[in-house]
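Visitor:
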Amino acid sequence: MSFVAPLLEWYAANARILPWRSCPSPYRTWVSEVMLQQTQVDTVLAYFNKWMARFPDLETLASADETAVLSLWEGLGYYSRARNLLQAARLMMRDMQGQIPSTTSTLVTLPGVGPYTAAAIASIAFGEDVAAVDGNIRRVFSRYFDIQEPARSPEGEKRIRALAQAHLPLGRAGAYNQALMDLGAMICTPRMPVCDQCPIRLNCQARKLGIQEDRPVKLPRQKPPHLTVTAAVIRRNGRVLLAQRPPHGLLGGLWEFPGGTQEEQDRDLESCLQREIMEELGVKVRVGQPLGKYKHAYTHFKITLFAFFCELSCGEKPQPLASEALAWAKIDELSAYPMGKVDRQIALRLTKEGADGHLSN
Ligand code: SF4
């Protein structure tokens, strides 16, 4: 017997109650699917509700300014997603009669929409008969069919995609994809799957063989590189200098305390910071007291960042040589500038410590 019927029956009774599923619309499906890229449902919930209160439809989003969108997104990470939502909304308003496209082939032309997201939107919001293969579905299929190729290898991907498409019940793609997503999130979990409660346990190969924890087969892991980074809190007349990152790439469009990565030629943290500030702002700084050590892990690398108070030499005027813009911000204005996690931690510390006179200049 195919696993599809018991799966759909289980889903009808056990589907997760999620805000984008109640009052569904293509706009809500699109926003939720972009937010869910690389991010857990629990984290997305609060952001989704805030987003819908602020940008309830495509038109409102398209007319929003980027700072408002990035501020709302702050803390969710992968900021290019927020910029892509905004760009895509403007594009749909301008070129697509204010409508979200209904097919995978057109959806993938939108900024920030890859094959998975396009398939999820097309199947859930428009009923296109297309399988949407995410991490949950890879895990369920790798176990159910005992797939021995690594799930993220080209061969593994191809096999899983073909199986997912071959079993898709025509006309029920949205329920099928979401049922598999929910099964992977609630029952067939990465650790200790609850096989006793699984609606498709009867023919699950991994369960029969007792190898659930060995599937999916993983690609060998490479240790992410570790970088030492410095940042300068440059003070002048009770304000601090912020630089806006270029619009594309990591943390694009967000504000930060200027600085950069330690290189081989840098004697120490101080000389690294002086070099970076000269390259980035074209000015010399005196490096003063340390303002903390911060650790953060990005997808492909980790950093340890050392922040320092810095003073500009007399008459020096910073230029935005490597950034979009510069701003001298009062401490109580820092919350208005969207930032990544580490820079926000520094800003919060400044807000706390500014009161005891650290920043008087
Ligand atoms: S029986 Fe267990 S391993 Fe197999 S699909 Fe269900 S939860 Fe996953």
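The numbering of the sequence shown is the working numbering, which starts it at 10 and goes up by one. Virtual Cβ for every residue (Gly too), placed ideally from N, Cα, C.
Near ligand 1, which residues have their beta-carbon less than 6 angstroms from any of its heavy atoms, given in chain order?
Guide: V149, R152, Y153, I196, C197, P202, C204, C207, I209, R210, C213, A215, R216, Q221
Visitor: I believe E325 touches K293 by the beta-carbon criterion, under 8 angstroms. Please report the beta-carbon distance rounded to the nearest angstrom.
Guide: What you label residue 325 is simply residue 316 of the sequence shown in a count that begins at 1. What you label residue 293 is simply residue 284 of the sequence shown in a count that begins at 1. The pair is a contact, with the Cβ atoms about 6 angstroms apart (cut-off 8 angstroms).
Visitor: What are the uninterrupted segments assigned as beta strand (DSSP E) that are 3 or more residues long and contained completely in the region 230-266, given in chain order?
Guide: 235-245, 248-253
Visitor: Below 8 angstroms between beta carbons: does that hold for R161 and L228?
Guide: For this step, residue 161 is matched to residue 152 along the sequence shown. For this step, residue 228 is matched to residue 219 along the sequence shown. It is a contact, given that the beta carbons lie within the stated cut-off.
Visitor: Are there 16 or more other CB atoms within 10 angstroms of the CB of P225, so buried, or fewer, so exposed?
Guide: Within the sequence shown, the letter at position 216 stands for residue 225. Looking at its Cβ environment, which holds 16 or more other Cβ atoms inside 10 Å, P225 is buried.
Visitor: Note down the Cα distance separating L282 from R99, rounded to an integer number of angstroms.
Guide: The residue labelled residue 282 in the question sits at position 273 within the sequence shown. The residue labelled residue 99 in the question sits at position 90 within the sequence shown. Between L282 and R99, the C-alpha separation is close to 39 angstroms.
Visitor: For A338, which three-state DSSP category applies?
Guide: Residue 338 sits at position 329 when you count from the first residue of the sequence shown. In the structure shown, A338 sits in a strand (DSSP, three-state: E or B).
Visitor: Residue range of the beta strand (DSSP E) that C319 falls in?
Guide: Position 310 of the sequence shown, counted from the start, is the residue given in the question as residue 319. Element bounds for C319: 311-321.
Visitor: Since E288 contacts A331 with CB under 8 angstroms, what's their CB separation in whole angstroms?
Guide: Numbered from 1 along the sequence shown, position 279 holds the residue referred to as residue 288. Numbered from 1 along the sequence shown, position 322 holds the residue referred to as residue 331. Indeed, because the Cβ distance is near 7 angstroms, the residues count as touching under 8 angstroms.
Visitor: Can you list, in chain order, the residues of its chain whose CB lies under 6 angstroms from that of L119, leaving out five sequence neighbours each side?
Guide: Counting from 1 along the sequence shown, the entry for residue 119 is found at position 110. Closer than 6 angstroms at the Cβ level, and outside the excluded window around L119, lie A97.
Visitor: Going along the chain, which residues of its own chain have a beta-carbon closer than 6 angstroms to the beta-carbon of M102, five neighbours each way excluded?
Guide: Residue mapping note: residue 102 aligns to position 93 of the sequence shown, counting from 1. These residues qualify, in order along the chain: A71.
Visitor: Since I109 and W39 are thought to touch, with beta carbons under 8 angstroms apart, how far apart are those beta carbons, to the nearest angstrom?
Guide: Reading the sequence shown from its first residue, position 100 is the one you call residue 109. Reading the sequence shown from its first residue, position 30 is the one you call residue 39. Yes, they are in contact, since the Cβ atoms of I109 and W39 sit about 6 angstroms apart, within 8 angstroms.
Visitor: Return helix, strand or coil for Q221, following the three-state DSSP convention.
Guide: Counted from its first residue, the sequence shown places residue 221 at position 212. It is helical.
Visitor: Measuring alpha carbon to alpha carbon, tell me which residue in A188, R181, G144 is nearest R170.
Guide: Against the sequence shown, residue 170 aligns to sequence position 161. Looking at the Cα atoms, G144 is the closest of the given residues.
Visitor: Count the other CB atoms, across all protein chains shown, that sit within 10 Å of the CB of I26; report buried if there are 16 or more and exposed otherwise.
Guide: Indexing the sequence shown from 1 puts residue 26 at position 17. Classification for I26: exposed.
Visitor: For I130, does the count of other Cβ atoms within 10 angstroms reach 16, so buried, or fall short, so exposed?
Guide: In the sequence shown, the residue the question calls residue 130 occupies position 121. Looking at its Cβ environment, which holds 16 or more other Cβ atoms inside 10 Å, I130 is buried.
Visitor: Locate the alpha helix (DSSP H) running through V292, then write down its first and last residues.
Guide: For the purposes of this step, residue 292 is identified with residue 283 of the sequence shown, where counting begins at 1. According to the DSSP assignment, V292 belongs to no alpha helix (DSSP H), since it is labelled neither H nor E.
Visitor: Beta-carbon within less than 6 angstroms of P256's beta-carbon, same chain only, minus the 5 sequence neighbours each way: which residues are those?
Guide: What you label residue 256 is simply residue 247 of the sequence shown in a count that begins at 1. Same-chain partners within the cutoff: G262.
Visitor: Are the beta-carbon atoms of Y307 and L314 separated by less than 8 angstroms?
Guide: As a position in the sequence shown, residue 307 is number 298, starting the count at 1. As a position in the sequence shown, residue 314 is number 305, starting the count at 1. The Cβ atoms of Y307 and L314 do not sit closer than 8 angstroms to each other.
Visitor: Quick check on DSSP: helix, strand or coil for K304?
Guide: As a position in the sequence shown, residue 304 is number 295, starting the count at 1. Residue state, collapsed to three classes: strand.
Visitor: Buried or exposed for L202, please, with buried defined as at least 16 other CB atoms from any protein chain shown within 10 angstroms of its CB.
Guide: Here the question's residue 202 lines up with position 193 in the sequence shown. For the record, residue 202 in the displayed sequence is Pro; it is not Leu. Classification of P202: buried, given that the 10 Å Cβ count is 16 or more.
Visitor: Is the beta carbon of Q49 sitting closer than 8 angstroms to the one on R90?
Guide: Counted from its first residue, the sequence shown places residue 49 at position 40. Counted from its first residue, the sequence shown places residue 90 at position 81. No, these two residues do not count as a Cβ contact at 8 angstroms.
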